[in-house]
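Engineer: In terms of UniProt numbering, the sequence shown has 52 at position 52, counting the first letter as 1, and numbering is strictly consecutive.
The beta carbon of each residue, even a glycine, is placed where N, CA and C say it ideally should be.
Model, not experiment: these values are computed from the prediction.
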Amino acid sequence: ADASESFQKCSRCVKEKLVSCVFCSDNCFQAAWPRHKQWHKEQAAAQAANASEIADQPFYRPSISQVGSCVDYPIQQLARSQEFDDVMKEGIALMNEAHHRKAAKCFSRLIELDPFEPASYANLGQVLLRSGDISGAATLLQQAKTLCEASGQQQSGLWARSLARAFHAFEHPRASQEPQPAWWDDALLCILSDKALSLSPESVEVWQMRAVVLQGGSHVEGARGWNVGQRSLDQLREIGECYRHAAGMELAPSLKRDCLDMAQVSDEIFRDALADVHMNATE
Numbered sequence: 001a002d003a004s005e006s007f008q009k010c011s012r013c014v015k016e017k018l019v020s021c022v023f024c025s026d027n028c029f030q031a032a033w034p035r036h037k038q039w040h041k042e043q044a045a046a047q048a049a050n051a052s053e054i055a056d057q058p059f060y061r062p063s064i065s066q067v068g069s070c071v072d073y074p075i076q077q078l079a080r081s082q083e084f085d086d087v088m089k090e091g092i093a094l095m096n097e098a099h100h101r102k103a104a105k106c107f108s109r110l111i112e113l114d115p116f117e118p119a120s121y122a123n124l125g126q127v128l129l130r131s132g133d134i135s136g137a138a139t140l141l142q143q144a145k146t147l148c149e150a151s152g153q154q155q156s157g158l159w160a161r162s163l164a165r166a167f168h169a170f171e172h173p174r175a176s177q178e179p180q181p182a183w184w185d186d187a188l189l190c191i192l193s194d195k196a197l198s199l200s201p202e203s204v205e206v207w208q209m210r211a212v213v214l215q216g217g218s219h220v221e222g223a224r225g226w227n228v229g230q231r232s233l234d235q236l237r238e239i240g241e242c243y244r245h246a247a248g249m250e251l252a253p254s255l256k257r258d259c260l261d262m263a264q265v266s267d268e269i270f271r272d273a274l275a276d277v278h279m280n281a282t283e
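1) Going straight from the alpha carbon of Trp184 to that of Leu113, what length do you get?
2) Which residues bound the alpha helix (DSSP H) around Trp159?
3) Mind checking Trp159: buried by the 16 CB within 10 Å criterion, or exposed?
4) What number of angstroms, rounded off, separates the C-alpha of Leu251 from the C-alpha of Pro181?
5) Three or more C-beta pairs closer than 8 Å, one from the stretch 160–175 and one from the stretch 196–214: is that the case here?
6) Quick test of your reading: Asp154 and Cys148, contact by CB under 8 Å. State the CB separation rounded to the nearest angstrom.
7) Would a C-beta distance cut-off of 8 Å place Ser266 and Gly225 closer than the cut-off?
8) Quick one: grab the DSSP three-state call for Trp184.
9) How would you call Ile191, buried or exposed, if buried means at least 16 neighbouring beta carbons within 10 angstroms?
10) Specify, as a first and last residue, the run of the alpha helix (DSSP H) that Arg237 falls within.
11) Quick check: the Cα distance between Ser176 and Ile134, rounded to an integer number of angstroms?
12) Among the candidates Gln82, Gly152, Ala223, whose CA atom is the shortest distance from the CA of Glu178?
13) Would Gly217 and Glu171 qualify as a contact pair, given that the criterion is a beta-carbon distance under 8 Å?
14) Rounded to the nearest angstrom, how far is the Cβ of Glu144 from that of Tyr121, given a contact under 8 Å?
15) Under 8 Å Cβ to Cβ from Glu221, same chain only, skipping five residues before and after it: list those, please.
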């Protein structure tokens, strides 16, 4: 079953009209409520920003927001049924409003209507990411990437975002049991992340992917790793730059702080490496 279908609403969330999340239960335990409350604060900030953009645009096409909030649209202008177009618009609207279960049903229906459209898999993958089903999201986002390549869309922003989101999902500890994708190789990841950045520089998750790849993984306990090669001084410097770019795009305050903290740590590593090079040069 879809993990997003299993979320419960606690009485406090119902009273305050909050969207259910992975922390919800019949009783929000005291230990979980601080994270639960912070999650809702960040969602409220993101939704407020979305609402502002929607008011300015008759057909919402976000470019910069927090991780996982950018929706994807079909790139190829194919003759599709009116039902497909209507369900896509409905699913996107529901996802923007954080109605995850209903949005997931819409995108699942789109896959039934056209199993070769990568945007449907990409959006359903995002819904599962938001809902906490990281393993399911990884599979869908990998499928979106594969379908982009099969349909000649590997030079698109959709391909770049699908790759970045798939990378973050596969690296996550909750997806550790998923088969490792063929592109999970240090040299390939360096090439792919650089290409993704050139195709979708407006996507925060692409900047974060590039940073994590260059630093050799997120180093979170239980995260999927890989054999990391040597990094040049330029690559070490780029890590901090990528995190600062990501911080500038993040809407959620806690995620923005995380990016800035990582940028500071990365800058220190770069300075240490640079000092070592200068020291070796003088010996």
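Structural biologist: On the basis of the data shown:
1) Mapped onto the sequence shown, residue 184 falls at position 184. Mapped onto the sequence shown, residue 113 falls at position 113. Spanning the two alpha carbons is a distance of roughly 31 Å.
2) Here residue 159 is taken as the residue at index 159 of the sequence shown, counted from 1. First-last of the alpha helix (DSSP H) with Trp159: 157–171.
3) For the purposes of this step, residue 159 is identified with residue 159 of the sequence shown, where counting begins at 1. It counts as buried.
4) For the purposes of this step, residue 251 is taken as the residue at position 251 of the sequence shown. For the purposes of this step, residue 181 is taken as the residue at position 181 of the sequence shown. Roughly 30 Å separates the two Cα atoms.
5) yes
6) Working through the sequence shown from its first residue, we reach residue 154 at position 154. Working through the sequence shown from its first residue, we reach residue 148 at position 148. According to the sequence shown, residue 154 is Gln rather than Asp. About 6 Å; that satisfies the 8 Å criterion.
7) The residue given as residue 266 occupies position 266 in the sequence shown. The residue given as residue 225 occupies position 225 in the sequence shown. Not a contact, by the Cβ cut-off of 8 Å.
8) For the purposes of this step, residue 184 is taken as residue 184 along the sequence shown, with counting starting at 1. Coil, per DSSP.
9) Residue numbering aside, residue 191 sits at position 191 when the sequence shown is read from its first letter. Counting of Cβ neighbours within 10 angstroms places Ile191 among the exposed residues, the total staying below 16.
10) As a working note, residue 237 is residue 237 in the sequence shown. From DSSP, the alpha helix (DSSP H) with Arg237 extends over 233–249.
11) Your numbering for residue 176 matches position 176 in the sequence shown. Your numbering for residue 134 matches position 134 in the sequence shown. Each residue's CA atom was taken as its position, placing Ser176 and Ile134 some 10 Å apart.
12) The residue you call residue 178 lines up with position 178 of the sequence shown. For Glu178, the nearest C-alpha among the options comes from Ala223.
13) Walking along the sequence shown from the start, residue 217 turns up at place 217. Walking along the sequence shown from the start, residue 171 turns up at place 171. Contact flag set, yes.
14) Counting from 1 along the sequence shown, the entry for residue 144 is found at position 144. Counting from 1 along the sequence shown, the entry for residue 121 is found at position 121. At residue 144 the sequence reads Ala, which differs from the Glu that was named. 4 Å between Cβ atoms; contact.
15) Position 221 of the sequence shown, counted from the start, is the residue given in the question as residue 221. In its chain, beyond the 5 residues on either side, Pro173 have a beta carbon closer than 8 Å to the beta carbon of Glu221.
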